[in-house]
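Heads up, the sequence shown is in our numbering, so the first residue is 13 and it goes up one at a time. Virtual Cβ for every residue (Gly too), placed ideally from N, Cα, C.
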Amino acid sequence: MALAAAGCRPASSTDARPPAPDFALQTPSGKTVRLADLRGKVVLIDFWATYCGPCKESVPALERLHRDLKAAGLEVVGISEDSYADAVAPFVAEHKMTYTVLLDLEQAAGEAYSLRGLPQAFLIDREGKIAARWFGWEPGHEAAMRAAVEAALKPS
Numbered sequence: 013m014a015l016a017a018a019g020c021r022p023a024s025s026t027d028a029r030p031p032a033p034d035f036a037l038q039t040p041s042g043k044t045v046r047l048a049d050l051r052g053k054v055v056l057i058d059f060w061a062t063y064c065g066p067c068k069e070s071v072p073a074l075e076r077l078h079r080d081l082k083a084a085g086l087e088v089v090g091i092s093e094d095s096y097a098d099a100v101a102p103f104v105a106e107h108k109m110t111y112t113v114l115l116d117l118e119q120a121a122g123e124a125y126s127l128r129g130l131p132q133a134f135l136i137d138r139e140g141k142i143a144a145r146w147f148g149w150e151p152g153h154e155a156a157m158r159a160a161v162e163a164a165l166k167p168s
């Protein structure tokens, strides 16, 4: 399966898709965003940090997905696991991140999602359930993410 080979672990047909843990986090400018408020959209959550080399490599791919599929209903949300908010805004500006970026300064959301390292991404379907997850970053992840997102965006 292409998704599994690319570091993705899709929900299998025998597994129920687990509900995505809700969170309420702030943007660097102070706006609060809750996952529950995005219900009905397909959400790609990317946990990252400014000090993470592979995280930096993933940003252009996430930008492309955001740009190409936002109109179809995709919401890309980057959640910074940095402990200091001051590091995040310059990183966002330098890497031209136009998708939503949130601060998880206490790593509460990361803990709720049982992170096993960074970056780690989760695809949340329109019903608020985890449809797929990716660990780390490899060249094949963008194609796997795009395929999973496009499948999730199709009407059921």
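Note on geometry: alpha-carbon atoms of residue 95 and residue 143 lie some 28 Å from one another. The C-alpha of residue 149 is placed about 20 Å away from the C-alpha of residue 112.
Here DSSP, grouped into helix, strand and coil, assigns residue 34 to coil.
Note: residue 141 is bridge-paired with 31 in the DSSP secondary-structure output. Counting other Cβ atoms within 10 Å of its Cβ, residue 90 reaches 16 or more and is therefore classed as buried. In the structure shown, residue 159 adopts helical secondary structure according to DSSP, grouped into three states. In the three-state reduction of the DSSP assignment, residue 116 falls in the coil class, being assigned neither a helical nor a strand state.
By the Cβ neighbour-count rule, residue 131 is buried, with 16 or more other Cβ atoms within 10 Å of its own. By the neighbour-count definition (other C-beta atoms within 10 Å, threshold 16), residue 125 is a buried residue.
For residue 65, the uninterrupted alpha helix (DSSP H) segment begins and ends at 65-81.
Secondary structure at residue 165: helix, using DSSP grouped into helix, strand and coil. The three-state secondary structure of residue 127, taken from DSSP, is coil. Secondary structure of residue 87 (DSSP, three-state): strand.
Under the three-state reduction of DSSP output, residue 97 falls in the helix class.
Assignment of beta-bridge partners to residue 55 by DSSP yields 87, 136.
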